[in-house]
Structures are given as structure tokens and as C-alpha cells.
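Taking the UniProt record's numbering, the leading residue of the sequence shown gets 1, the next gets one more, and so forth.
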Amino acid sequence: MTDLPAWEQQLQQNLAEIRRNSEKIAEAVATVRGRGETRGVTVEVDAAGDITSLQIAPAAMRWHNNQLSTAITDCHRRARADAKAKAERIMQRADPRLQAPLRELFGGNDSPQKPPPRRPMTEAEIQAADDAYFERMNRSGWGK
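Okay, structure coming up:
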């Protein structure tokens with residue numbers, strides 16, 4: 001039979017080590033920043049891909065709205081890729097016991113799960129939805 005107190009002590013030491021390692025990783029990931037730049041537009045994101053800084057040069061403000069929105073989107077995409085690469089390097093150096101959960105947390109999808117595309121409604125479905133709406137409004141009252 002195994003020495004239960006020694007096993008429990010070893011387990012506690014392993015858990016403490018994992019906790020320390022995960023805290024170090026959390027601190028390192030919290031400092032990760034990714035940058036994307038193009039002609040007067042700079043986007044900076046954190047490890048989650050959330051924008052932490054957006055800088056637009058005055059000259060870029062004179063661009064057509066499509067040009068500016070495309071530049072911002074492209075910079076954001078590049079910044080996210082940069083941050084993901086930096087986070088990946090941190091995960092590669094992580095305790096092997098933490099790598100699988102970290103990959104699940106950070107390495108999965110780049111974006112949240114998108115709902116399946118909806119098919120356009122037929123004329124009959126539109127009419128039925130319209131009728132249902134007006135019937136509901138007539139029963140419950142329009143001003144409420």
C-alpha cells in the first residue's frame with residue numbers, strides 16, 4: 001500500500017507548482033500586445049484581440065470612409081495575428097501540464113462561434129410574420 005500522507009504532500013507540492021506556473025503565465029500573457037500598422041493607422045491589441053490603442057494620423061482622417069475602415073480592419077487583423085504569435089511563444093515555454101488548457105483557452109477559434117447563415121425569407125413567410133406582429137400589437141395595445 002502507498003504511503004498516503006507522502007502522496008498527499010507530493011500532490012500539494014505539484015498543485016502549488018502548477019499554481020505558481022499558471023500565475024507566471026497569466027502575468028506574461030497580460031503584458032502581450034500585438035501591433036498592426038499601415039499608412040498612418042496603428043492598432044494595438046491585447047492577447048484576447050481586444051483593441052487597447054487606436055491611432056489615426058490626421059492625414060488618414062481625410063481618406064474616404066471605405067479606405068479608412070479597410071485600413072483599421074487590416075491593422076486590427078495584423079495586430080491580432082501578432083498578439084496570437086506572442087501568446088503562442090509563451091504557451092510553448094509553459095509547464096506541459098498547462099499547455100492543453102492554454103491552447104483551448106487561447107489557441108482555439110480566432111473569433112467567437114458564428115451562427116449559421118440564415119436563408120432569406122420567402123414572401124409567404126414575410127407576410128405571415130407581418131400578420132403575426134400586427135395581430136400581437138392589436139391584442140396587447142400599440143402604446144404599451
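We put the beta carbon where it would ideally sit given N, CA and C, even for glycine.
One question on the structure: do residue 81 and residue 32 come within less than 9 Å of each other, judged by their Cβ atoms? Residue mapping note: residue 81 aligns to position 81 of the sequence shown, counting from 1. Residue mapping note: residue 32 aligns to position 32 of the sequence shown, counting from 1. Contact: no.
Coarse secondary structure for residue 43, derived from DSSP in three states: Mapped onto the sequence shown, residue 43 falls at position 43. Shown here, residue 43 sits in a strand according to DSSP, grouped into three states.
What did DSSP end up calling residue 80 once you bin it into helix, strand or coil? Counting from one through the sequence shown, the residue named residue 80 turns up at place 80. The three-state secondary structure of residue 80, taken from DSSP, is helix.
Where do the N-terminal and C-terminal ends of the beta strand (DSSP E) with residue 35 fall, by residue? Taking the first residue of the sequence shown as 1, we reach residue 35 at position 35. The continuous beta strand (DSSP E) containing residue 35 extends over residues 34-38.
Burial state of residue 46, where buried means 16 or more other Cβ atoms lie within 10 Å: Walking along the sequence shown from the start, residue 46 turns up at place 46. Result: buried.
Rank 75, 129 and 29 by C-alpha distance to the C-alpha of residue 48 and give the top, closest one. By one-based count along the sequence shown, residue 48 stands at place 48. Comparing Cα-Cα distances from residue 48 to each of 75, 129 and 29, the minimum goes to 29.
Cβ pair residue 79, residue 36 closer than 9 Å: To locate residue 79, count along the sequence shown from 1; it is residue 79. To locate residue 36, count along the sequence shown from 1; it is residue 36. Less than 9 Å separates the beta-carbon of residue 79 from that of residue 36.
Where residue 52 sits in the DSSP three-state scheme: Looking up residue 52 in the sequence shown gives position 52. Three-state DSSP puts residue 52 in a strand.
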